[in-house]
Amino acid sequence: MISSTGSAPSAQLPASPSARGSLAAPAVGPVLLVAAALAAALLLTSHRYGYFGDELYFLAAGQHLSWGYADQGPAVPLIARMMQTLAPGSLVVLRIPPLLATVGCVVLAAAMARELGGNRRAQVLAAGACAISPHFLGSGHLLATWSFDQALWALITWLLLRWVRLHARGDPDDRLLLGAGLVTAAALQVKFLIPAFWLALAVAVLTDGPRVLLRRPLLWAGGGVAVLASVPALVWQATHGWPQASMTETVATETGSAWSFLAVAGNQAGAVGAVLAVLGLWFLLRAPGLRQYRFLAGTTLLLLVVFLTAGGRPYYIAGLYPLLFAAAVVGLQHHRVAAGVLRRGWLMAGIYGVSAGMAMTALPILPASTIRPSEVVSTASLGWPELTADVAEAYRTLPPGQRPDTAVLTHDYWSAAAIRHYGPQRGIAEVYSPSRGFWYFGRPSAATEQVVYLGADRSVLARHFRSVRRVGTVRTGQAVATYYEGMPIWVARGPEQPWPVLWPRLQHMSLWG
Numbered sequence: 001m002i003s004s005t006g007s008a009p010s011a012q013l014p015a016s017p018s019a020r021g022s023l024a025a026p027a028v029g030p031v032l033l034v035a036a037a038l039a040a041a042l043l044l045t046s047h048r049y050g051y052f053g054d055e056l057y058f059l060a061a062g063q064h065l066s067w068g069y070a071d072q073g074p075a076v077p078l079i080a081r082m083m084q085t086l087a088p089g090s091l092v093v094l095r096i097p098p099l100l101a102t103v104g105c106v107v108l109a110a111a112m113a114r115e116l117g118g119n120r121r122a123q124v125l126a127a128g129a130c131a132i133s134p135h136f137l138g139s140g141h142l143l144a145t146w147s148f149d150q151a152l153w154a155l156i157t158w159l160l161l162r163w164v165r166l167h168a169r170g171d172p173d174d175r176l177l178l179g180a181g182l183v184t185a186a187a188l189q190v191k192f193l194i195p196a197f198w199l200a201l202a203v204a205v206l207t208d209g210p211r212v213l214l215r216r217p218l219l220w221a222g223g224g225v226a227v228l229a230s231v232p233a234l235v236w237q238a239t240h241g242w243p244q245a246s247m248t249e250t251v252a253t254e255t256g257s258a259w260s261f262l263a264v265a266g267n268q269a270g271a272v273g274a275v276l277a278v279l280g281l282w283f284l285l286r287a288p289g290l291r292q293y294r295f296l297a298g299t300t301l302l303l304l305v306v307f308l309t310a311g312g313r314p315y316y317i318a319g320l321y322p323l324l325f326a327a328a329v330v331g332l333q334h335h336r337v338a339a340g341v342l343r344r345g346w347l348m349a350g351i352y353g354v355s356a357g358m359a360m361t362a363l364p365i366l367p368a369s370t371i372r373p374s375e376v377v378s379t380a381s382l383g384w385p386e387l388t389a390d391v392a393e394a395y396r397t398l399p400p401g402q403r404p405d406t407a408v409l410t411h412d413y414w415s416a417a418a419i420r421h422y423g424p425q426r427g428i429a430e431v432y433s434p435s436r437g438f439w440y441f442g443r444p445s446a447a448t449e450q451v452v453y454l455g456a457d458r459s460v461l462a463r464h465f466r467s468v469r470r471v472g473t474v475r476t477g478q479a480v481a482t483y484y485e486g487m488p489i490w491v492a493r494g495p496e497q498p499w500p501v502l503w504p505r506l507q508h509m510s511l512w513g
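So in UniProt numbering, the last spot in the sequence shown is 513, and the numbers never skip.
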């Protein structure tokens, strides 16, 4: 147990300083030191292995800027486009925005601990818990939607915490609620998860208070801004058949059981983080000193139920980790004070140090030969240039007279994005895929009579083409088997229907089909 006395922390804690209206001094220096250490670790490893499959997809989406996409909002493709324009081909530069977003989560965890009544030590412990969490190390390493989504969730939570504290002391600042609405508008440009947060929060507030929160005009003004900001994406969804609904179903089919959800979430939180998340939820529910924030415990529980039953991904709740970490360390601080326990900084330093060492395996530090097949991110960050070279070689083996009416297709959007990135220097000017969002980037021309097709079974292609023959196999030559090792490369000729008819029939929302 984290308590230095070894006893279970009691929920009967004294009122927190935040409940009395006063706050401890911000631990600016130590928290920035933690944030800087995390930033350095992320920056020093940002060039390792290679692009993750989703990063290549965001780069491809950035070449097709739009108000909407089948599986996300417009923000991350735009960020990818900006980074690629700033430093073409630089993996390090591409990963700076998620690095900054993750550092922001660390700082916000400390700020939340302070709002909850935490002293300087508690602020540093909350920041440290984020910094050594495998999830935050991983999300800071990659350009991904969740890298930004969780930071925006954390910022909204901090704004709500601060509003509740100021309201409790009789000095509410409703500009914080307007700010929460503006941040929500930004979150809607990343993913469509934030409405679930607000719905759960509304139910929790109606059940447990403070109900006055829902009667503040600036909260609804901010909500109006968020709705208006989402209109372009909603129009895009409506005019393209609501692919986001299909994406939700796809995620549910790809997600494991409720037990695996909880196991993965705990593993991502880390050794310290998993314990703190449970303790933080407990303290928010039971500690008298945190009574005014209990609605956030209800929000967390409701979201857990929703994501567990709907088949959501474990990282969907990661935006609440900074809050739970902060509540836990503040609750433990109050417990020590109530029990008269002397501070044992060396004990916590040891626990955090060991956990940090364990968590660093989330970063690409070790040689690629040590990667296990279960390590999805690492495995899907290797072999893309080699895969592209194999497909390009299959294309070059075609008679020169056939190449003008031949298109390159892949069965999944990761490999399509890789060929889009590496293909031009290997003689492949364009690539198409019926997979997920890549399907919307365009189809082969009506004159296309033949395709070089990566992936899928012969039977799949035989339903749509008159002849199918295998012309190659992906051999990446990596020290570890990638997802694409041994994948077939086909040449399929004679489409059974015109491409405007065939293209919708090939479409699928899953990664592999």
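Positions of the beta carbon are idealized from the N, C-alpha and C atoms, including for glycine.
The structure displayed is predicted, hence computed values, not measured ones.
Practice item. Go ahead and pull the three-state DSSP assignment for Pro26. Key: Here residue 26 corresponds to residue number 26 of the sequence shown, with the count starting at 1. Pro26: coil per DSSP, three-state reduction.
Review point. Hey, quick one: how far does the alpha helix (DSSP H) through Leu152 stretch, first residue to last?
Key: For the purposes of this step, residue 152 is taken as residue 152 along the sequence shown, with counting starting at 1. Run containing Leu152: Thr145 to Ala168, per the alpha helix (DSSP H) assignment.
Review point. Rounded to the nearest angstrom, how far is the Cβ of Thr476 from that of Leu332, given a contact under 8 Å?
Key: Within the sequence shown, numbered from 1, the residue matching residue 476 stands at position 476. Within the sequence shown, numbered from 1, the residue matching residue 332 stands at position 332. Going by Cβ atoms, the distance from Thr476 to Leu332 rounds to 48 Å, so no, they are not a contact pair.
Check your understanding: What does DSSP give as the partner residues of Val468 in its beta bridges?
Key -> Translated into positions along the sequence shown, residue 468 becomes position 468. Paired residues: Ala492.
Exercise for review: Measure the CB-CB distance between Val103 and Cys130 and report whether it falls below 7 Å.
Suggested key: To locate residue 103, count along the sequence shown from 1; it is residue 103. To locate residue 130, count along the sequence shown from 1; it is residue 130. Contact: no.
**Study point:** Range of the contiguous beta strand (DSSP E) that encloses Gln450
**Key:** Taking the sequence shown and counting its residues from 1, one reaches residue 450 at position 450. Looking at the DSSP string, the run of the beta strand (DSSP E) that includes Gln450 is Gln450 to Leu454.
**Study point:** Cβ contact check for the region 85 to 92 and the region 444 to 452: 3 or more pairs under 8 Å
**Key:** no
Practice item. Quick one: residues in its chain with C-beta nearer than 7 Å to the C-beta of Tyr422, no 5 flanking neighbours on either side, listed in chain order? Key: Numbered from 1 along the sequence shown, position 422 holds the residue referred to as residue 422. Excluding residues within five positions, the ones whose Cβ falls inside 7 Å are Trp384, Pro385 and Thr388.
Point to revise | Ranges of the alpha helix (DSSP H) found wholly within the region 390 to 427, counting only runs of at least 4 | key: 413 to 422
Check your understanding: Bridge partners of His508, per DSSP?
Key -> Reading the sequence shown from its first residue, position 508 is the one you call residue 508. Note: His508 sits in a beta bridge opposite Ser435.
Check your understanding: Which term fits Glu254, buried or exposed, when burial requires 16 or more other beta carbons within 10 angstroms of its beta carbon?
Key -> Position 254 of the sequence shown holds residue 254. So Glu254 counts as exposed.
Review point. Quick one: Cα of His69 to Cα of Ser246, how far?
Key: Stepping through the sequence shown from its first residue, residue 69 is reached at position 69. Stepping through the sequence shown from its first residue, residue 246 is reached at position 246. With the sequence shown as reference, residue 69 is identified as Tyr, and His is not the correct amino acid for it. Distance between the alpha carbons of Tyr69 and Ser246: 12 Å.
Review point. Arg313 to Gln189, Cα distance in whole Å?
Key: The sequence position of residue 313 within the sequence shown is 313, counting from 1. The sequence position of residue 189 within the sequence shown is 189, counting from 1. Spanning the two alpha carbons is a distance of roughly 19 Å.
**Study point:** Collapsed DSSP secondary structure at Thr482 in the structure displayed
**Key:** For the purposes of this step, residue 482 is taken as the residue at position 482 of the sequence shown. DSSP places Thr482 in coil when its eight states are reduced to three.
Practice item. Would you mind reading off the limits of the alpha helix (DSSP H) that contains Phe307? Key: Within the sequence shown, residue 307 is the residue found at index 307, counting from 1. Note, Phe307: alpha helix (DSSP H), Arg294 to Ala310.
Review point. Do the region 306 to 320 and the region 248 to 263 touch if we need at least three Cβ pairs shorter than 8 Å?
Key: yes
Review point. Taking the alpha carbon of Arg216 as the point to measure from, which residue in Val235, Ala200, Ala233 and Val164 has its own alpha carbon closest?
Key: Position 216 of the sequence shown holds residue 216. Here the closest residue by C-alpha is Val164.
Check your understanding: In terms of residues, what are the limits of the alpha helix (DSSP H) holding Ile194?
Key -> Your numbering for residue 194 matches position 194 in the sequence shown. Run containing Ile194: Ile194 to Asp208, per the alpha helix (DSSP H) assignment.
Check your understanding: What does Thr250 pair with, by DSSP beta-bridge criteria?
Key -> Numbered from 1 along the sequence shown, position 250 holds the residue referred to as residue 250. DSSP lists no partner for Thr250.
Review point. Buried or exposed: which applies to Arg294, given that a residue is buried once 16 or more other Cβ atoms fall within 10 Å of its Cβ?
Key: Stepping through the sequence shown from its first residue, residue 294 is reached at position 294. When all chains shown are included, Arg294 counts as buried.
**Study point:** N-terminal and C-terminal residue of the alpha helix (DSSP H) that Tyr49 is part of
**Key:** One-based indexing of the sequence shown puts residue 49 at position 49. Looking at the DSSP string, Tyr49 is not in any alpha helix (DSSP H), and its letter there is neither H nor E.
**Study point:** Anticipated Cβ contact below 8 Å, Val431 with Thr410, distance rounded
**Key:** Residue 431 sits at position 431 when you count from the first residue of the sequence shown. Residue 410 sits at position 410 when you count from the first residue of the sequence shown. Confirmed, about 7 Å.
Review point. Is Val330 buried or exposed, if buried means 16 or more other CB atoms sit within 10 Å of its CB?
Key: Translated into positions along the sequence shown, residue 330 becomes position 330. Buried: at least 16 other Cβ atoms inside 10 Å.
Review point. In the structure shown, what three-state DSSP assignment does Thr102 receive?
Key: The residue you call residue 102 lines up with position 102 of the sequence shown. Thr102: helix per DSSP, three-state reduction.
Point to revise | Minimum C-alpha distance to Gly442 - residue among Ser230, Leu506 and Leu42 | key: Position 442 of the sequence shown, counting from 1, holds the residue named residue 442. When only C-alpha atoms are compared, the closest one is Leu506.
Practice item. Please classify Ser7: is it buried, with 16 or more other beta-carbons within 10 angstroms of its beta-carbon, or exposed? Key: Here the question's residue 7 lines up with position 7 in the sequence shown. Summary for Ser7: the model assigns pLDDT 42, below 50, so the residue's position carries little reliability; its value from the coordinates is reported in the next sentence. Burial call: exposed.
Practice item. Specify whether the region 486 to 501 and the region 456 to 475 touch according to this definition: at least 3 beta carbon pairs, one from each stretch, less than 8 Å apart. Key: yes
**Study point:** Buried versus exposed, by CB contacts within 10 Å (16 or more), Val501
**Key:** Taking the sequence shown and counting its residues from 1, one reaches residue 501 at position 501. By the neighbour-count rule (16 or more Cβ atoms within 10 Å), Val501 is not buried but exposed.
**Study point:** Which of helix, strand or coil DSSP assigns to Thr255
**Key:** Stepping through the sequence shown from its first residue, residue 255 is reached at position 255. It is coil, neither helix nor strand.
Check your understanding: How many angstroms separate the CA atom of Val498 from the CA atom of Ala446?
Key -> As a working note, residue 498 is residue 498 in the sequence shown. As a working note, residue 446 is residue 446 in the sequence shown. Before going on, a small fix: residue 498 reads as Pro here, not Val. The straight-line gap from Cα to Cα measures roughly 7 Å.
Exercise for review: Apply the 10 Å Cβ neighbour rule to Thr184 and answer buried if 16 or more other Cβ atoms are within range, or exposed otherwise.
Suggested key: Within the sequence shown, residue 184 is the residue found at index 184, counting from 1. Buried is the call here.
Check your understanding: What are the boundary residues of the alpha helix (DSSP H) that Ser459 is part of?
Key -> As a position in the sequence shown, residue 459 is number 459, starting the count at 1. Looking at the DSSP string, the run of the alpha helix (DSSP H) that includes Ser459 is Arg458 to Ala462.
Point to revise | Best match in Arg463, Leu284 and Phe438 for proximity to Ser510 [C-alpha to C-alpha] | key: Taking the first residue of the sequence shown as position 1, residue 510 is located at position 510. It is Phe438 whose Cα lies nearest to the Cα of Ser510.
Exercise for review: Just the C-alpha distance for Leu152 and Ala368, rounded to the nearest angstrom, thanks.
Suggested key: Numbered from its first residue, the sequence shown carries residue 152 at position 152. Numbered from its first residue, the sequence shown carries residue 368 at position 368. The straight-line gap from Cα to Cα measures roughly 33 Å.
Exercise for review: Report buried or exposed for Met83, applying the criterion of at least 16 other Cβ atoms within 10 angstroms of its Cβ.
Suggested key: Against the sequence shown, residue 83 aligns to sequence position 83. When all chains shown are included, Met83 counts as buried.
Check your understanding: On the three-state DSSP scale, how would you describe Val501?
Key -> The residue labelled residue 501 in the question sits at position 501 within the sequence shown. It is helical.
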